[in-house]
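Single-structure report; data block below.
Here you go:
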């Protein structure tokens, strides 16, 4: 039977950055350009591969625009010179000038066609060949690649105040459930075979979190389940956590912090810093991402779980563009010719504006960053370092959640919930706790959950440079319980 590639989403994104300049520049601004903000978790995307292909695509467009800018200047200049020579009666120079204009026009068309053809070939290789996506593009700088690789091990996430009300688990997508399970009594000891009370082995919330992080993948039996404890912190409070989190106040916070700091977030509450057990389940090919965020609340003698689940739908239709590209060399060449011809005038005469516009944007951003960093060094501002959005959720489309995707989401959520209950029961029994109260609560939780997937509660935030929407369309999810608003934009002009 046919199967999705395990890296399907990464390959589709890599292919699309070759075809979509807006997306490529948004990805580059988020993950490579200088800034102060944290970034959201990749949620199954190979960021090294994606940014490698983004670098390749942007370099191709830059070379194209540099060549076209020269042609855009040479063409009108040579044409004007030819007309002037005709008026002056110098036919020889007029012919030379006209020839230069023709050569400039033909060369410009050839450059535009070559860039478009190169982009399509790169996209086709990603869509049709089996080599790993990151091996199909030149490497980045070692520092950038090391930073992107560290996102796979991230145990620290900072979220912006603009998204705290909607989704502090920034980048997780659409919230589908939010609840606090009934508290259970964990103060009564279990009895041995002779009916005598056992000695309860002391434990705290950190022990329970660690146990589930290790045992959940074994208990649930899902190959693509990923479990990790992460410390979630309000972006405004990042600077109070010290150099382990923010070595340089003028740079973004780190994503991997000492384990002891994560552990302390499970037993201490307050100041917008709490540790959650994060379970992430990828559907076939990563088309659907289901995440569950849990936090144990242990206030003796009662234990309860705070449970929130999110889903990221499949990629929007525009990321299937590579599937519709002609594969034969002649058809691909002719299709590229038609595409280039349709937009050639804008491509040619807009090259200089694109180059100047990008340079001006970078200068504005550098000035703004310089001003903000000066204020931070002088202690005049408390900067919000939190992430406001995530790439994977921004390129998703709720309308692509078909029957299979909804069924898989319900199935994963059910398996994860039952796995948490099962692992919690095992943990309590291993610590000689009487689980009769827990077992009654477990039955109520399971029986009360019908797993009917009624739709999302909230939608995702936007993504892109200065929150520029890169999806080119608005998606209206189906109505669900307590439906809330979508993402909110942060302060304008934020670096």
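Residue numbers (the working numbering): 15 to 509. We treat Cβ as the ideally placed atom computed from N, Cα and C, and that holds for glycine. Keep in mind that this is a model prediction, so the values were computed, not measured.
Paired residues, beta bridge with residue i - DSSP
| i | result |
| --- | --- |
| residue 319 | 310 |
| residue 240 | 294 |
| residue 170 | 245 |
| residue 254 | None, per the DSSP bridge assignment. |
| residue 61 | Bridge partners of residue 61: none, in fact. |
| residue 288 | 246 |
| residue 401 | 173 |
| residue 211 | 205 |
| residue 137 | None; residue 137 has no bridge partner. |
| residue 410 | 329 |
| residue 305 | 294, 324 |
C-alpha gap between residue i and residue j, whole angstroms
| i | j | result |
| --- | --- | --- |
| residue 254 | residue 433 | 36 Å |
| residue 323 | residue 244 | 15 Å |
| residue 53 | residue 457 | 39 Å |
| residue 417 | residue 301 | 13 Å |
| residue 196 | residue 452 | 9 Å |
| residue 48 | residue 258 | 21 Å |
| residue 390 | residue 368 | 33 Å |
| residue 219 | residue 326 | 29 Å |
| residue 161 | residue 22 | 23 Å |
| residue 419 | residue 459 | 24 Å |
| residue 399 | residue 242 | 22 Å |
| residue 248 | residue 172 | 6 Å |
| residue 311 | residue 77 | 57 Å |
| residue 32 | residue 188 | 28 Å |
| residue 88 | residue 110 | 13 Å |
| residue 414 | residue 384 | 42 Å |
| residue 396 | residue 386 | 10 Å |
| residue 264 | residue 382 | 13 Å |
| residue 150 | residue 159 | 15 Å |
| residue 375 | residue 36 | 14 Å |
| residue 425 | residue 235 | 13 Å |
| residue 202 | residue 213 | 10 Å |
| residue 228 | residue 208 | 32 Å |
| residue 372 | residue 191 | 42 Å |
Same chain only: Cβ atoms within 8 Å of residue i, ignoring 5 sequence neighbours per side
| i | result |
| --- | --- |
| residue 444 | 215 |
| residue 112 | 92, 93, 96 |
| residue 226 | 241, 291, 308, 434, 437, 438, 441 |
| residue 143 | 150 |
Contacts around residue i, its chain only, beta-carbon distance under 7 Å, and the 5 residues preceding and following it disregarded
| i | result |
| --- | --- |
| residue 269 | 164, 165, 168, 170 |
| residue 442 | 200, 449, 452 |
| residue 34 | none |
| residue 86 | 362, 363, 365, 366 |
| residue 266 | 49, 50, 51, 52, 399 |
| residue 352 | none |
| residue 81 | 125 |
| residue 233 | 433, 436, 437 |
| residue 182 | 173, 246 |
6 Å CB neighbourhood of residue i in its chain, flanking five on each side removed
| i | result |
| --- | --- |
| residue 306 | 293, 323, 430 |
| residue 186 | 305, 324 |
| residue 239 | 231, 295 |
| residue 487 | Because residue 487 sits at a pLDDT of 39, beneath the cut-off of 50, its placement in the model cannot be relied upon, and the following sentence gives the value as read from the coordinates. There are no such residues. |
| residue 217 | 445 |
| residue 320 | 194, 309 |
| residue 17 | none |
| residue 297 | 422 |
| residue 340 | 346, 349 |
| residue 25 | 140, 147 |
| residue 90 | none |
| residue 410 | 326, 327 |
| residue 333 | 26, 30 |
| residue 45 | 65 |
| residue 116 | none |
Integer Cβ distance of residue i from residue j, believed to fall under 8 Å
| i | j | result |
| --- | --- | --- |
| residue 141 | residue 74 | 18 Å between Cβ atoms; not a contact. |
| residue 513 | residue 336 | Residue 513 lies beyond the stretch modelled for the chain, which goes from 15 to 509, so this question has no answer here. |
| residue 94 | residue 114 | About 11 Å; that fails the 8 Å criterion. |
| residue 20 | residue 299 | 7 Å |
| residue 289 | residue 223 | 7 Å |
| residue 58 | residue 303 | 6 Å |
| residue 175 | residue 55 | No, residue 175 and residue 55 are not in contact; Cβ-Cβ is about 19 Å, not under 8 Å. |
| residue 447 | residue 316 | Going by Cβ atoms, the distance from residue 447 to residue 316 rounds to 12 Å, so no, they are not a contact pair. |
| residue 123 | residue 358 | 6 Å |
| residue 108 | residue 120 | At roughly 19 Å, the Cβ-Cβ gap does not stay under 8 Å, so residue 108 and residue 120 are not in contact. |
Any chain B beta carbon closer than 7 Å to residue i
| i | result |
| --- | --- |
| residue 324 | The structure shown contains no chain B; it holds only a single protein chain. |
Any chance the region 136-156 sits against the region 264-280, with 3 or more Cβ pairs inside 8 Å?
No, the region 136-156 is not in contact with the region 264-280.
Counting beta carbon pairs with one atom in the region 115-133 and one in the region 69-88, are three or more of them shorter than 8 Å?
Yes, they touch.
contact_flag[the region 24-43, the region 55-67] where n(CB pairs < 8 Å) is 3 or more:
Under the 8 Å Cβ criterion, the region 24-43 counts as touching the region 55-67, having at least three qualifying pairs.
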